[in-house]
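Below is one structure, written out as structure tokens; comments come after it.
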Amino acid sequence: MEQYVDVEGLSIELPSRWSDSIKVDKNIARQLLCPPRKARLVNENQSVWAVAEDQRWPVIKGPAPEYVHLVRKKERFAWGGPAAAHAPAEVRASLEGAFRLPGLDAQSPRGLRAPQTGALLAVFAHWTTGSQHPATVVMPTGTGKTDTMVAIYAAARPERLLVLVPSDVLRGQTAGKFEALGILPELGIVTGPFERPVVGRVEHHFESGDSARSFAQACNVVVTTPAALAGFSEDVRTVFLAEFSHLFIDEAHHVAARTWSEIRDAFDGRPVVQFTATPFRTDGRPLGGRVVYAFPLREAQAQGYFAGIDYISVLSFDDPDRDIAERALSCLRTDLDNGRDHLLMARTSSINRANELLNLYEGLAPDLNPMVIHSKLSGRKAKAALDALDQRHSHVIICVGMLGEGFDLPQLKVAALHDTHKSLGITLQFIGRFARVSSTTVGNATVVASRSDAPFDEQLRQLYAEDADWNLIVRDLSQQAVGEQEDVSDFEAAFGSGPEEVSIKSVLPKMSAVVYRTGCHDWTPTKVYQVFPEENLLTYPIAVNRRDRVLWFVTQEQAPVQWGQLPAVEEVVHHLYVMSWDEAHGLLYINSTNNDSLHEDLATAVCGQTADRITGKRVYRVMGGIDRLVPTNVGVLDVRNRNRRFSMHVGADVAEGFADAEKHTKAQTNIFATGFAAGVRTSVGASLKGRIWSRRTAESLKHWVDWCNEMGLKLLDDSINIAHVMDNFIQPEDLEDWPELTVLAVEWPLALLARNEDSVQLSYGGVSYSFLEAELEVTPHVPDEAVHFVIRTPAWQVPYAIFIEDGLMRVRAAGDGEVMISTSRRDLSATEFFARRDNVLQVLFENDTLVCAPARLLHPVRDIPPFDSARLQVPDWTGIDITKESQGRTRDADSIQARMIQVVLARGPWDVVVDDDGSGEIADIVALRETERELHILLVHCKYSSEPQAGARVEDLYEVCGQANKSAAYRRDITAMLNTLINRARNRQRKYGHSGIEAGTSERLVRLRDTARTRKPHLTIAIAQPGLSQTRARRKQMELLASTEVYLREIANAGLEVYCNA
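Sequential numbering of the sequence shown, starting at 1, is according to my numbering.
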């Protein structure tokens, strides 16, 4: 066997030395036996050795011997010889004593970063308590989350670790980190002779439990995704998961999803650590576990893990995509000219938009070779695009959303947001990706976004304001969001270890309680055992949070079966009990799934004889502050009639319940109702016995406590007048036919009004319009067997009719063809669309009457005095054709609208006045004025006269009153209304070359939208009908105006002004 000689001192590069792969059912595991490193060649006893640090290998030319060696080929060296992976137990043994933690000082140049050290120590501290709760670690993007996982693994040396990640890309990246032990050897954190872990990557299902077990047992660490585990049979997955001692979850904000939570729940009783940069979800569902460590974003900025962020807002009504692209490309070219290795990512929300933007960027910057990537691209094309970016053949990438969780390219430093993210969590992930620091990048990140589109998340509005300082706002928003999760985590942690039988994260009580007033100085939760001894408890001891004065437990008892009279047959029944004592207000709340009792024994046990249940009509105070209460369930007690002592009234039958209660021998025992609180739909129920409830289920135990405290303040509020609450109930009536009343308007579904998106399209005859440019117009106003209306756009109108059949409102086409309504999810005909439960139309009638789903009439029973004719305002109509309503694009000065614009301007000053006339209008004229605390809004609805002379024609008022009533819906979300106004102005600018702004500027309009949330809205709705004569007006007209005024006041807290003729 030939040896090399005369090579003393020659330096060589040793390649990575990998073990032979372990393959089971297409899943692969391997071990890094030797990382790439420099070595020098030495001669010893006529042999050549490669020496690196404290290791050495013989360099041999020829057949491979039985030991590890290097084979030299044309001056290049490659490993040869056997390469079996070590046994997992050998790896664990080699790591014993190898882990050290230098650089605990945050300023130390060696060692882990401060957040990595803090997270590692916090997890170990959590484990020392014996807690079985998952530990949640919050680390902002860019602070080294994956290396923290590796450090915890190396320090803990778990028997076998499963790492759960959300994507294939992250599976590869994370497995690579564990294979090399990350940065730990380089930093001297793992030292001495040690072996790196055998790491498996699970991408495919196993054929049997034996193959799953054998693969797991060959590994120290396995990295996989929930999607991969979902392909396992249930038996095989159970066997596979049982082989692991520890679970790490990356991007743990996903864990509330069922596919993730099922895996975590399988590790109950075993250590689980959840890692995330954003411990909150858009849907509000908690992650569970305890936040053991949260590194603040402000510290990440202060310690240099985040680059500075320059935010550039773009306001454009003409072509916002082009303006955003031009500004972003300008920033990129400046960075490149300054020698910065920066790349640009253009973010949009759909594949179609991405392809449109590719054409735009190719036209603006062909030299930067823009590329596009999205989920529909083949793997080959997607890889080619990313390779072009990585090799700098391209400097611009256009993508849908982000480039996938875990995508790591710190050189992405310019972001063009053509469509902004809609949630705080994703936005913070996105910002972290652009702001992360690497050794090869210098300079701030730049974000370019449009201000004309308002984000839905209130917190994001701060980010996209005109002069926002992202460096401050991002820090504050992150801290606020993390703080909310820490509050829940701290609350749950205050219960201590808790019972093993039931996890606190599984306790989700209904929003209900029985409330007691207490006079004790302290409560004694342990006296629960006087009512429920240990043998009656599933959870022993009871879980007590002494800091927040909350306890919970689960009972178990034998009970007769409900499906027969079988004394010898019983079933085990479990009930949840939750109790919260509000010391400050002296209130005790008790919640239980056992509704057979009001739990006086529990109240007396923990709070003494002073506990006094709140009963009687006082309980109905919880309905105070809720507008337009509609009862859905009413219980009535007859104190004399034994044959009909109690009756329950549901749906339209509740009217009888209220009527019965007005009789001297009957009383309401319980009421459940829906209504609006601060413009948000809500529900609440109350019984005379003292129970209060809502339809909601608590998101966590803490949310139930917060709800109880909110209800308790109402129960103690002596200013709430019970009689007034009862008088405000609207008693519904189910219809079989339309009422003999005049139809004022047909309203779009509230769910559709709330969207205000251009993405909702209406098409007919091949011509499409945005929902913002469509309206529903009643014709005629007197219904026959149906209510008739048309869907109208600038180019077409299509007739429809609403029938009442079998107690339901059903929409049918009344002409040839159908309007197609397209949303982001599906395309439906109008009849199909309006047949869906959330899309049922509402019909507004005269006399303050409304018909809503399913076909239920709501009419407040009260006398409304006619509108005072002295309040009718008469402007100068000289030179105005009172049969011409709109000024149109030609600005006809003899139109009603033109004159009313003059009237409105004379009432100024206004910040902005907009001509919004057209299909889908908010109003013909919208005027806005901002003060320090208020936003004054004037909506003017104009209507032409049916005849050249003014008179007493009530028909001239029906449509304009209906328009006024419909516009009241905008009061529920003023910002959404202003966003609609902006979008419509922008569309007019694009189509006709003018935005319709009569006073002020588009910039000022957007600023008003941005600050609307901080201003109290003051809404006035005006009707302009010169066909109405002040001197000849009849009672019927004044009654119609009066009912319109009352409706506007109650629904929108809006005033009504009426402009007419002399």
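Virtual Cβ for every residue (Gly too), placed ideally from N, Cα, C.
Just so it is clear, the structure is predicted and the values come from calculations on it, not from any experiment.
{"Check": "Between ALA346 and SER313, what straight-line distance do the alpha-carbon atoms span, to the nearest angstrom?", "Outcome": "15 Å"}
{"Check": "In angstroms with no decimal places, state the Cα-to-Cα distance between HIS393 and GLY172.", "Outcome": "25 Å"}
{"Check": "CA-CA distance, ASP235 and GLU90?", "Outcome": "30 Å"}
{"Check": "Am I right that HIS575 and SER592 are in contact with their C-beta atoms under 8 Å? What's the rounded C-beta distance?", "Outcome": "6 Å"}
{"Check": "Tell me the DSSP secondary structure of ARG642 in three-state form.", "Outcome": "Only weak support exists for where ARG642 lies, its pLDDT of 41 falling under 50; the value from the coordinates is given anyway. Here ARG642 sits in helix by DSSP."}
{"Check": "Using three-state DSSP, classify TRP1073 as helix, strand or coil.", "Outcome": "Nothing in the structure corresponds to residue 1073, since the chain is present only between 1 and 1062."}
{"Check": "Could you give the DSSP three-state label for PHE240: helix, strand or coil?", "Outcome": "helix"}
{"Check": "On a CA-only basis, which of ALA976, MET149, LEU957 and ALA1012 is nearest ARG1035? Give me that one, please.", "Outcome": "LEU957"}
{"Check": "How would you call ASP848, buried or exposed, if buried means at least 16 neighbouring beta carbons within 10 angstroms?", "Outcome": "buried"}
{"Check": "Does DSSP classify ALA686 as helix, strand or coil?", "Outcome": "strand"}
{"Check": "Look at the alpha carbon of ARG613 and the alpha carbon of PRO509, and state the distance between them as a whole number of angstroms.", "Outcome": "21 Å"}
{"Check": "Quick check on LEU1056: does DSSP put it in helix, strand or coil?", "Outcome": "strand"}
{"Check": "Is it buried or exposed, HIS994, if we count other Cβ atoms within 10 angstroms and call 16 or more buried?", "Outcome": "exposed"}
{"Check": "Suppose the cutoff is 7 Å on Cβ atoms and the five residues either side in sequence are ignored; what does the same chain contact list for GLY879 look like?", "Outcome": "ASP894"}
{"Check": "DSSP three-state call for ILE864: helix, strand or coil?", "Outcome": "coil"}
{"Check": "Got a sec? Which residues, its chain only, sit under 6 Å from SER822 by beta carbon, not counting five neighbours each side?", "Outcome": "GLN761"}
{"Check": "For the beta strand (DSSP E) that TRP57 lies in, which residues bound it at each end?", "Outcome": "55-58"}
{"Check": "With distances taken between CB atoms, is the gap from ILE1023 to LYS943 smaller than 9 Å?", "Outcome": "yes"}
{"Check": "Please report the straight-line C-alpha distance between LEU417 and GLN989, rounded to a whole angstrom.", "Outcome": "22 Å"}
{"Check": "Check whether the stretch 532-540 and the stretch 723-732 touch, using three or more Cβ-Cβ pairs below 8 Å as the test.", "Outcome": "no"}
{"Check": "Could you round the C-beta distance between LEU14 and PHE77 to whole angstroms and report it? I think they count as a contact, below 8 Å.", "Outcome": "7 Å"}
{"Check": "Among ALA415, PRO58, PHE232 and GLU959, which one has its Cα closest to the Cα of PHE845?", "Outcome": "GLU959"}
{"Check": "Leaving out five residues before and five after ASP321 in sequence, what residues of the same chain have Cβ atoms less than 8 Å from its Cβ?", "Outcome": "GLU356, LEU357, LEU360 and HIS418"}
{"Check": "Taking SER967 and ILE925 to be in contact with their CB atoms under 8 Å, please state how far apart those CB atoms are, rounded to whole angstroms.", "Outcome": "Incorrect: roughly 12 Å between the Cβ atoms, too far for contact."}
{"Check": "State yes or no: is the C-beta of PRO140 within less than 9 Å of the C-beta of TYR305?", "Outcome": "yes"}
{"Check": "With distances taken from CA atoms, which of LYS991, TYR529 and ILE324 is nearest VAL447?", "Outcome": "ILE324"}
{"Check": "Less than 9 Å between CB atoms is the rule here; does SER512 satisfy it with respect to chain D?", "Outcome": "Within the model displayed, chain D is absent; a lone protein chain is all it includes."}
{"Check": "In three-state DSSP terms, what is SER261?", "Outcome": "helix"}
{"Check": "If you drop the 5 nearest sequence neighbours on each side, which residues of the same chain put their C-beta closer than 6 Å to that of GLU466?", "Outcome": "Low per-residue confidence applies at GLU466: pLDDT is 47, beneath 50, and the placement is therefore not dependable enough to give any value."}
{"Check": "Measuring straight from C-alpha to C-alpha, what distance separates GLU998 and VAL913?", "Outcome": "5 Å"}
{"Check": "Are the beta-carbon atoms belonging to THR276 and LEU229 less than 9 Å from one another?", "Outcome": "no"}
{"Check": "For the stretch 115-135 and the stretch 207-217, state whether three or more C-beta atom pairs, one from each stretch, are separated by less than 8 Å.", "Outcome": "no"}
{"Check": "Is it a yes or a no for the stretch 806-817 touching the stretch 714-724, going by three-plus beta-carbon pairs under 8 Å?", "Outcome": "no"}
{"Check": "Rounded to the nearest angstrom, what separates PRO854 and ASN839 at their Cα positions?", "Outcome": "11 Å"}
{"Check": "What's the gap between the Cα of PHE194 and the Cα of GLU96?", "Outcome": "9 Å"}
{"Check": "Going by DSSP in three states, TRP704 sits in which element: helix, strand or coil?", "Outcome": "helix"}
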